[in-house]
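Taken in sequence, the protein lines are chains A and B.
All letters in the first sequence, in the order written, are residues 182 to 409 by my numbering.
All letters in the second sequence, in the order written, are residues -18 to 476 by my numbering.
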Amino acid sequence: MSAVLAVEGLHVERDGRTLVQGVTFSAARGERVALMGASGAGKTSVLRAIAGLEPRTTGAVTVSRTDAGDQQASGVRSRRHIGMVFQFHHLFDHLTALENVWLAPVHVARTRRSEAERHARALLEQLGVAHRTDARPGELSGGEAQRVAIARALAMRPLLLLMDEPTASLDPARRDELAATVRSLSADGTTILVATHDALFARGCVDRVLVMDEGRIVREGRPDIVLT
Amino acid sequence: MMCRVTRQPMAITAMLVAGVTIVGAQPSAELRWGGDAEGGAPFVEADPADPTRVVGFDVEVAQLLAAGEKLAPRFVQVGFTSLDAAVTRGDFDVGLSGIEDSPARRARLAVTIPYYEFREILTVRSADGARYRTLADLAGRRVATLGTTLASELLVVAEKEHGVIPVTYEDDVHPYSDLAIGRVDAVLLDDVLAERGVRRNPGLMNQSSAIGVGYYVGILAPGNTALRDRINETLRRAMRDGRLEAIFRKWGMWNSDQPALYARLTSDSQVLPQSQRTASSTNNWEAAIRYLPALIKAAGVTVLLSVLSMALAVALGVAIASGRVYGPRALELALTAWVELIRGTPLLLQLFVLYFGLAAFVQLPAFLSALLGLGINYAAYESEIYRGALQAVPAGQLEAARTLGLTNVQTLRLIRAPQAFRLALAPMTNDFVALLKDSSLVSVITVVELTKQTSIFAANVGSWVLPGAMCAAMYLVLSLPLASFARRIEKGWRR
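Rendered as structure tokens:
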């Protein structure tokens, strides 16, 4: 199985501090991978570097569509293959849930508005928030906002979905729902990389765990083995 | 003469200081006389040789009156338009500053007998000397004058009868300089000012026939008739013994009209002021009804000017803020310097520079100058609001836009600007209400807006109570719906 995501010698600095040093790993199509470790271990920095949000990054990040074989280096164009769900969602405050979801398809992918809106409704339906299409972010609960944020990321049909601490604001029942959602997304072929310190969640939905400490990957393996 | 304002704001400060110096110099029994030293020669002006002193024919008439009372004259500096109100308040005993006799003034103040007769003279460019001889010749043409004077009343009548277009200035210098450069086609003012205007501006000429006749008088508080009567006697004695003649000869103002006036006055015959106003015009309510259409029209000017200026301020403000947030360092520094320059200098000065200062290079119409002045001035403030608002949009919103693949321009247009606009709306509404009121400053460059029209109304009825209340009500009618509209939008956004 060839890799959708290949990270090679990733190095991230911010304000003169080294946050990630020499991280190398890959993830296959439809694979679910968790980055774990204590706070400050560098999990979120790896996600942000892959998403192109860390300016002082060296190393190589490659996101490729394995079936078509069109390799693209990390950059603006490859960002269209990456979706990101932030810990605090960062939904656009001035837009409704539906507008948040169809914005990028219309303005970035140049999809026709009617088609983008239809797809957005389908995604919100799939994630169980179809009844909140006209709500603004301020009116959504934490769980609803997260599902709208996932729908927004999926609307661009990414090869790779990055999720930062997705269970931070969820109660246990919602956490199980999210684990089920992650599993169903990967069944559709989306590769998922999630930064979390929630071992229960990781055990419930990922195939592989990468444990980080002080900016390095120190352990790697199946969750039932690594997380004992 | 009703209103003369200096062309140099710095002179105002100099004369206020001068006024204090003069007050401090003579603490003993005094005749306090009020005038406006900004009026300039030959009325009252700072002595070029010693700016702490004032000189002029009115200064010498005051000395003559003080001598008659065996008192020392003490000059009190008062803005020209405030002289009537100040004498009523008791700020000084007698006002002398080329003040025109009028029925309205006689109705509410104690007014002395006239001490000088002037003619309303039409000044035109020499090339137009044969074309524009009378007001009837000036149909459809712009004719400049000072607000709230006999000349301005004559022009209001001529507007109705002949279709001339009156242009009202707040000083007696710029009507002539604007005539010289072609902004107006004639000036109607007292011969004293007309002579000075022609002396200072080559290429102008005065028409020989007078359009009207008026008189300079002294004004006293309405209850002060005893002093007024003594002053009248002093004036009559000075008319008989030639002391007044000596003063006016010294200032080059003596002419054949004066002996005739003095002959009538010393034989006790009445000299009634010429005015288009009737005595009934001092009835405030009737005057209010008469002035209402003019006030509504002036309010329309205020609204149009404010809306267009704000639109310009918003557009320029957005451009400046975008340049400062997104532009290279050099552009950011240049724009910062521009904003500080505009914010750090008075709007009044900017209006003067735009309208009068640039006139040698480009003659902007008054309304356009006002629009540009207000728009450019407020753009500096708007840009600071937008810059702050743009920087207040959370970084997470911009990062989310980035991960979705939006370009910088798309992020600004679709995410950052709409969110910044929500943050900026309240301070913008505040600024628009402030601009609505600041638009009253443009009367200095001849635009007659709501406050200016109100001051004309107030000067004519001799009271600020009713005109002030009407003006305040109109400003509130304009600003309150705006504030409520902004609140409704904000409420919609907060849901």
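Backbone N, C-alpha and C fix where the C-beta goes; we use that ideal spot for every residue, glycine too.
Keep in mind the model is a prediction, meaning the values are calculated, not measured.
Tell me which residue opens and which closes the alpha helix (DSSP H) that residue i is part of.
{"i": "residue 286(B)", "result": "265 to 307"}
{"i": "residue 208(A)", "result": "No alpha helix (DSSP H) holds residue 208(A); the beta strand (DSSP E) holding it covers 198 to 209."}
{"i": "residue 45(B)", "result": "38 to 49"}
{"i": "residue 410(A)", "result": "Residue 410(A) cannot be examined here, being either before or after the span of chain A that is shown, 182 to 409."}
{"i": "residue 94(B)", "result": "That residue, residue 94(B), is in no alpha helix (DSSP H); it is neither H nor E in DSSP."}
{"i": "residue 377(B)", "result": "376 to 384"}
{"i": "residue 28(B)", "result": "It is not in any alpha helix (DSSP H) - residue 28(B) instead sits in the beta strand (DSSP E) that spans 26 to 28."}
Taking Cβ-Cβ distances shorter than 8 Å, what residues in chain B pair up with residue i?
{"i": "residue 285(A)", "result": "385, 386 and 387"}
{"i": "residue 263(A)", "result": "384"}
{"i": "residue 289(A)", "result": "385, 386, 387 and 391"}
{"i": "residue 337(A)", "result": "385 and 386"}
Pull up the CB-CB distance for residue i and residue j, whole angstroms please, since I reckon it's below 8 Å.
{"i": "residue 375(A)", "j": "residue 215(A)", "result": "5 Å"}
{"i": "residue 390(A)", "j": "residue 408(A)", "result": "6 Å"}
{"i": "residue 15(B)", "j": "residue 64(B)", "result": "6 Å"}
{"i": "residue 459(B)", "j": "residue 406(B)", "result": "Going by Cβ atoms, the distance from residue 459(B) to residue 406(B) rounds to 18 Å, so no, they are not a contact pair."}
{"i": "residue 344(A)", "j": "residue 384(B)", "result": "12 Å between Cβ atoms; not a contact."}
{"i": "residue 283(A)", "j": "residue 301(A)", "result": "4 Å"}
{"i": "residue 447(B)", "j": "residue 265(B)", "result": "5 Å"}
{"i": "residue 272(A)", "j": "residue 329(A)", "result": "6 Å"}
{"i": "residue 393(B)", "j": "residue 285(A)", "result": "Residue 393(B) to residue 285(A), Cβ: 15 Å. No contact."}
{"i": "residue 203(A)", "j": "residue 221(A)", "result": "Contact flag wrong, Cβ pair sits at about 17 Å."}
Taking the beta strand (DSSP E) that residue i belongs to, which residues open and close that run?
{"i": "residue 373(A)", "result": "372 to 376"}
{"i": "residue 358(B)", "result": "Taken as a continuous stretch (DSSP letters only), residue 358(B) belongs to no beta strand (DSSP E), being part of the alpha helix (DSSP H) at 347 to 373."}
{"i": "residue 104(B)", "result": "97 to 106"}
{"i": "residue 398(A)", "result": "397 to 402"}
{"i": "residue 243(A)", "result": "238 to 246"}
{"i": "residue 367(A)", "result": "Here residue 367(A) belongs to no beta strand (DSSP E); instead the alpha helix (DSSP H) covers 353 to 368."}
{"i": "residue 58(B)", "result": "53 to 58"}
{"i": "residue 80(B)", "result": "75 to 81"}
{"i": "residue 345(A)", "result": "341 to 345"}
{"i": "residue 319(B)", "result": "Note, residue 319(B): premise wrong, no beta strand (DSSP E); alpha helix (DSSP H) at 310 to 324."}
{"i": "residue 409(B)", "result": "Element bounds for residue 409(B): not the beta strand (DSSP E) but the alpha helix (DSSP H), 398 to 419."}
{"i": "residue 130(B)", "result": "Looking at the DSSP string, residue 130(B) is not in any beta strand (DSSP E), and its letter there is neither H nor E."}
{"i": "residue 389(A)", "result": "389 to 394"}
{"i": "residue 426(B)", "result": "Per DSSP, residue 426(B) belongs to no beta strand (DSSP E) and is neither H nor E."}
{"i": "residue 213(A)", "result": "213 to 217"}
{"i": "residue 12(B)", "result": "11 to 16"}
What residues of chain A sit near residue i, judged by a beta carbon separation below 7 Å?
{"i": "residue 121(B)", "result": "Per Cβ cutoff of 7 Å: no residues; residue 121(B) is ~53 Å from chain A at best."}
{"i": "residue 396(B)", "result": "273"}
{"i": "residue 403(B)", "result": "275"}
Give me the chain A residues within the contact set of residue i, using Cβ-Cβ distance strictly less than 9 Å, ordered along the chain.
{"i": "residue 377(B)", "result": "267, 269, 270 and 271"}
{"i": "residue 372(B)", "result": "Going along chain A, no residue has its Cβ under 9 Å from residue 372(B), so there is no contact; the nearest lies around 16 Å."}
{"i": "residue 380(B)", "result": "229, 232, 234, 265, 267 and 271"}
{"i": "residue 399(B)", "result": "273, 275 and 276"}
Along chain B, in chain order, which residues have C-beta atoms closer than 7 Å to that of residue i?
{"i": "residue 232(A)", "result": "384"}
Q) Using 8 Å as the threshold, is the segment 281 to 296 of chain B in touch with the segment 344 to 358 of chain B, meaning 3 or more CB pairs across them? A) yes
Q.
Going residue by residue through the segment 269 to 311 of chain A, where are the continuous alpha helix (DSSP H) segments of at least 4 residues, counting only ones entirely within it?
A. 278 to 288 and 294 to 307
Q) Are the segment 379 to 388 of chain B and the segment 314 to 323 of chain B touching by the rule of at least three beta carbon pairs closer than 8 Å? A) no
Q | the segment 119 to 129 of chain B touching the segment 168 to 184 of chain B, judged by at least three CB pairs closer than 8 Å | A | yes
Q) What runs of the beta strand (DSSP E), each 3 residues or longer, lie entirely inside the segment 137 to 193 of chain B? A) 146 to 150, 167 to 171 and 185 to 187
Q. Would you call the segment 233 to 241 of chain B and the segment 45 to 59 of chain B in contact, with 3 or more CB pairs under 8 Å?
A. no
Q. Do the segment 230 to 241 of chain A and the segment 184 to 195 of chain A make contact, defined as three or more Cβ pairs closer than 8 Å?
A. yes
Q) Just checking, does the segment 412 to 428 of chain B make contact with the segment 437 to 444 of chain B on the three C-beta pairs under 8 Å criterion? A) no
Q.
Between the segment 219 to 234 of chain A and the segment 294 to 309 of chain A, can you find at least three pairs of beta-carbon atoms closer than 8 Å?
A. no
Q. On the three-pair Cβ rule with 8 Å, is the segment 331 to 343 of chain A touching the segment 288 to 305 of chain A?
A. yes
Q. Per the contact definition of three or more C-beta pairs closer than 8 Å, is the segment 394 to 411 of chain B in contact with the segment 101 to 120 of chain B?
A. no
(Q) For the segment 74 to 82 of chain B against the segment 195 to 211 of chain B, do three or more pairs of beta-carbon atoms, one drawn from each stretch, fall closer than 8 Å, so that the two count as touching? (A) yes
Q) Is there contact between the segment 68 to 76 of chain B and the segment 138 to 147 of chain B, where contact requires at least three CB pairs shorter than 8 Å? A) no
Q | Segment contact flag, the segment 174 to 194 of chain B with the segment 211 to 222 of chain B, C-beta cutoff 8 Å, min 3 pairs | A | no
Q.
I'd like to know if the segment 271 to 279 of chain B and the segment 326 to 339 of chain B are in contact, where contact means that at least 3 CB-CB pairs between them fall below 8 Å.
A. no
Q. Can you find at least 3 beta carbon pairs, one from the segment 143 to 162 of chain B and one from the segment 33 to 42 of chain B, that sit closer than 8 Å?
A. no
Q) Taking only runs of the beta strand (DSSP E) that begin and end inside the segment 183 to 243 of chain B, which ones reach a length of at least 3 residues, in chain order? A) 185 to 187 and 193 to 201
(Q) Within 8 Å, do at least three Cβ pairs link the segment 289 to 299 of chain B to the segment 355 to 362 of chain B? (A) yes
**Q.** Cβ contact check for the segment 206 to 213 of chain A and the segment 376 to 390 of chain A: 3 or more pairs under 8 Å
**A.** yes
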